[in-house]
Amino acid sequence: MRRIYAIGDIHGQLEKLREVHRWISADRARNGDDTIVVHVGDLVDRGPDSAGVLDLLITGLTRGEPWVVLKGNHDRMMSYFLERPSRRDHLLSSKHEWLNKGLGGRTTLASYGVDVDNLDDSALHEAAISAVPEAHKSFLGGLETIFQSETAAFVHAGVRPGIPLNAQIEDDLVWIRREFHEDTRNHGALIVHGHTPVDAVTHYGNRVNIDTGAAYGHALSVVIVEGPKVWQLDENGRTSLAPPEE
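Counting with this note's numbering, you get residues 2 to 247 for the letters of the sequence shown.
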């Protein structure tokens, strides 16, 4: 079975992304190259260099790297904002907008050189449309929402329990939380996801959460899935990852 590496929520952390790709390159050199690297979304926001993250991913895909890049809710919010007129994600809390400080949209636009501190919202929208390259807009708009291997499915947020994997909708794949987290049934494949930060990569039996809070300065994590086996990968190599014993 093909080996799959999965990288958690990046959130503009370019240097952390470069680092985990180095770990992956070293593991591929030790164990063979028949692999795919899946990035589970939330490429942008909060971290210092969202523009650089998108550049790295687009450049890698263009040169033929075996990468898959999935859409997260933050990527969708950015894409919607860059439309004319801008569009607000209907699943975003009514208390929030992408430009609110906590969501990180302004930090993302600053990485493109936009003067986020001295423009009103209308001028900021126009400046953002001009500053973000068309290649980045197209990339964000064209991201897939699920990738499946023989034994696992990789998504950003999770899946709607009881719905076949091939019938899942984007809203759930990029936003779902509680209904997915609380359901212990087999979803038809091991679900590897991010979206909800945890202190450490955690295997729950039917899912593996790999978002360890890079958005907030914590680690960017990567796991390896090969058949039924899962490992966490870091600078020291692999550590086997298994669900807690019953």
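Beta carbons are placed, not taken as given, at the ideal position from N, Cα and C, and that holds for glycine.
Here the structure is a predicted model, which is why all the values come from computation and not from measurement.
Per-residue DSSP class, three states only, for residue i
| i | result |
| --- | --- |
| LYS72 | coil |
| SER51 | helix |
Span of the alpha helix (DSSP H), counted from its first residue to its last, around residue i
| i | result |
| --- | --- |
| SER26 | 15 to 32 |
Strand pairing of residue i, partner residues [DSSP]
| i | result |
| --- | --- |
| GLU7 | Here the sequence assigns Ala to residue 7, which means Glu is not the residue at that position. Answer is VAL39, VAL224. |
| GLY238 | ASP235 |
Own chain residues within Cβ distance below 7 Å of residue i, not counting five before or after
| i | result |
| --- | --- |
| LEU83 | ALA129, ILE130, VAL133, LYS138 |
| LEU141 | ASP76, MET79, SER80 |
| GLU236 | TRP24 |
| ASP50 | GLY13, LEU15, SER112 |
| ARG29 | THR36 |
| ALA52 | SER112, TYR113 |
Chain-order list of residues whose beta-carbon lies under 6 Å from that of residue i (same chain, five-residue window excluded)
| i | result |
| --- | --- |
| LEU264 | The question about residue 264 has no answer here: the residues shown for the chain are numbered 2 through 247. |
| SER241 | TRP232 |
| GLY105 | ASP46, ARG47 |
Own chain partners of residue i with C-beta closer than 8 Å, once the 5 adjacent residues on each side are dropped
| i | result |
| --- | --- |
| LEU18 | ILE8, ILE11, VAL54, LEU57, LEU221 |
| TYR81 | SER87, ARG88, ARG89, ASP90, TRP99 |
| THR197 | ALA158, ARG178, HIS182, ASN210, ASP212 |
| GLY103 | HIS97 |
| GLY114 | ALA132 |
| GLU66 | VAL38 |
| GLY195 | GLY9, ASP10, VAL41, GLY42, ASP43, GLY73, HIS157, ALA158, ASN210, ILE211, ASP212 |
**Message:** So within the segment 94 to 153, which uninterrupted beta strand (DSSP E) runs reach at least 3 residues, ignoring any that extend past its ends?
**Reply:** 147 to 149
**Item:** Minimum length 4: unbroken alpha helix (DSSP H) runs contained in the segment 141 to 210
**Value:** 171 to 176, 179 to 182
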